[in-house]
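Taken in order, the sequence shown gives residues 4 to 397; the numbers are from the working numbering.
Beta carbons are placed, not taken as given, at the ideal position from N, Cα and C, and that holds for glycine.
A quick note: this is a predicted structure, and the numbers were derived from the prediction, not measured.
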Amino acid sequence: MNLDANASYSLLPELRLELFSAKGGKEALEGTLNPSSVHRGGQRSRALVEEARAQIGQLIGLSRQEHLVFTSGATEANNTALFAPFWNRVKSNKLPEEQAIISTRLEHPSVLAPLRRLAALGFKSILIAPDSSGRISPDSFFENERVSPALVSVMLANNETGQILPVPEIASAVRSRFPGALLHCDAAQALGKFPFKFSDLGVDLLTLSGHKIGALMGVGALVIGAGVASQPLLYGGAQEMGQRAGTENLVGIVSFGLAAGVWRTKSAELVQGLSSNRNLVRRYLQDNLPEVIFNFESGPKLPNTLSVRFPGVSADDLVVALDLEGVCIASGPACAAGKPEPSHVLLTLGLDPAQVSETIRISLEAYYDAGALEQALAALVKCVKRMRKTRGEA
Ligand code: PLP
């Protein structure tokens with residue numbers, strides 16, 4: 004039972020049929036060869052890649068002037084976007100220390116780690132902190148008067164809290180003040196669950212990930228706006244319009260396109276499914292565990308994400324106890340699993356380390372088998388009560 008959909012959404016049932024059933028799977032992928040080859044097998048693959056590109060483009064309203072470049076995931080797309088100023092700087096004739104990269108303290112490690120690397124290479128890296136209500140205000144990007152940013156990167160939806168950041172407002176404020184800055188947005192968690200169009204965001208570069216919407220793992224995309232000077236991270240062949248060398252992950256790309264098609268055609272139904280599941284979880288926990296605390300509930304949020312604290316219960320122990328009950332849940336982002344440090348996002352948003360250690364993330368899918376969600380919640384309540392009792396007795 005996957006209550007950890009922000010780590011990976013389960014493969015959509017529609018895709019299981021299309022990709023792996025004897026009929027659908029064979030039809031979709033039979034006879035495919037290298038998409039760069041000129042023969043028929045290559046052309047068949049090329050057509051599938053282009054069909055997937057169009058499907059994802061339709062989901063986020065891309066025009067012909069914008070390019071969607073397939074990558075191995077959101078991590079690669081984020082790295083590609085963040086390193087663009089590094090490659091561009093030779094052209095701009097500016098010293099790296101004259102240029103800043105501004106982002107927020109709420110970002111995913113696949114943004115924060117490249118930023119640290121860029122700082123080591125001489126770029127000034129500035130991380131905006133949220134205000135006391137947890138919001139990132141557009142004005143906070145202008146606090147350092149002497150800085151002219153080469154790139155500003157802000158996520159659309161936070162993976163741990165589900166919080167939606169005001170990307171269009173930030174983009175328009177930054178654009179009017181710093182017309183030369185590249186604007187990047189990591190929308191890995193928002194895609195599908197918080198429907199948006201590329202043009203609504205006002206950014207130059209946009210990161211997407213397939214497995215967050217029920218496609219296979221190992222595929223993502225970087226959208227490059229019209230006329231934007233992005234630079235590849237990988238060099239080699241001329242794949243992906245010269246923006247990303249390497250033979251395409253055909254099956255992954257096909258799955259991403261199919262998943263995008265499902266989220267586009269069933270958007271209202273899926274978003275409704277996510278939010279009614281979230282409401283059910285909230286009600287169930289409130290009814291059965293009155294001491295439960297729902298963190299960061301104010302402001303716009305993804306419809307599927309809850310940050311939940313059970314005072315007196317270790318989140319790490321709860322994750323293990325629930326795993327034994329067949330329920331997958333997270334005490335933090337999957338990429339931080341095994342790391343002893345408390346979540347930088349929860350700390351930044353004002354929880355203390357003890358509170359962080361009692362916080363789990365519940366991130367939901369739109370559909371579960373009948374009764375399965377309530378069964379999982381019953382297991383959660385049972386584990387919390389048992390762990391609290393054991394602790395009281397100790
Ligand atoms: N950005 C955000 C906000 C994420 O939540 C994640 C994954 O959790 C990533 C980037 C990295 O995605 P991928 O697994 O596709 O590299």
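Reduced DSSP secondary structure (H/G/I, E/B, other) of residue i
i	result
Asp134	coil
Thr35	coil
Gly223	strand
Val387	helix
Pro152	strand
Leu186	strand
Asn147	coil
His70	strand
Lys304	strand
Asp207	coil
Ala160	strand
Phe199	coil
Gln358	helix
Gln102	strand
Ser279	helix
Ala373	coil
Thr107	strand
Ser11	coil
Gln166	strand
Asn5	strand
Leu85	helix
Val311	strand
Arg285	helix
Reference residue i; option with closest CA among the options
i	options	result
Ile59	Ala262, Leu309 and Glu272	Ala262
Thr351	Asn280, Ala132 and Glu377	Ala132
Ala224	Asp7, Leu6, Leu20 and Leu65	Leu65
Arg364	Leu277, Leu349, Ala357 and Ile332	Ile332
Ala229	Ser13, Leu14 and His70	His70
Leu367	Leu159, Ser135, Gly217 and Phe23	Gly217
Glu311	Ser278, Leu62 and Arg285	Note on residue identity: the sequence assigns Val, not Glu, to residue 311. Of Ser278, Leu62 and Arg285, the residue nearest in Cα terms is Arg285.
Ser360	Phe313, Asn5 and Ser233	Phe313
Leu159	Ser143, Arg138 and Arg178	Arg138
Leu380	Pro356, Asp326, Gly353 and Gly335	Asp326
Leu211	Ala241, Tyr287 and Asn82	Asn82
Glu377	Pro303, Pro169 and Asn280	Asn280
Pro141	Ser334, Phe181 and Lys127	Phe181
Leu154	Tyr371, Ala10, Pro169 and Ser128	Ser128
Gln246	Ser13, Gly44 and Pro235	Pro235
Cys386	Val316, Leu14 and Val52	Val316
Gly183	Asp355, Asn91 and Thr78	Asn91
Residue i CB to nearest heavy atom of ligand 1 below 7 angstroms
i	result
Met390	no
Met4	no
Asn307	no
Gly223	yes
Asn162	yes
Gly76	yes
Asn252	no
Ser212	yes
Ser113	yes
Ala31	no
Asn81	yes
Asp207	no
Gln192	yes
Asn417	This structure leaves residue 417 out entirely; the chain is present only between 4 and 397.
Ile244	Per the sequence shown, residue 244 should be read as Met rather than Ile. It does not: the Cβ of Met244 is nowhere closer than 7 angstroms to a heavy atom of ligand 1.
Asp189	yes
Test item: CB-CB of residue i and residue j under 8 angstroms
i	j	result
Leu309	Lys196	no
Ala80	Pro152	no
Val222	Ser48	no
Ala31	Glu17	no
Phe23	Glu243	no
Ala55	Val257	yes
Val384	Leu292	yes
Gly3	Gly239	There is simply no residue 3 to check, as the chain begins at 4 and stops at 397 in what is shown.
Phe199	Ala193	yes
Asn147	Val348	no
Met4	Val231	no
Leu124	Arg108	no
Glu328	Ala382	yes
Val177	Phe126	no
Ala324	Thr362	no
Tyr370	Gly264	no
Closer than 8 angstroms to chain C by CB, residue i
i	result
Leu321	The structure shown contains no chain C; it is built from a single protein chain.
Can at least three beta-carbon pairs, one atom from the region 73-87 and one from the region 284-304, be found at a separation below 8 angstroms?
Contact between the region 73-87 and the region 284-304 is absent: fewer than 3 CB-CB pairs across the two stretches fall below 8 angstroms.
Would you check if the region 265-278 and the region 98-118 touch, i.e. whether three or more CB-CB distances between them fall below 8 angstroms?
With the rule of 3 Cβ pairs closer than 8 angstroms, the region 98-118 does not count as touching the region 265-278.
Assess contact between the region 374-391 and the region 28-43, defined as three or more Cβ pairs (one per stretch) separated by less than 8 angstroms. Is contact present?
Taking one beta carbon from each stretch, the region 374-391 and the region 28-43 have fewer than 3 pairs nearer than 8 angstroms; the two do not touch.
Does the region 204-213 touch the region 178-191, meaning 3 or more C-beta pairs lie closer than 8 angstroms?
yes
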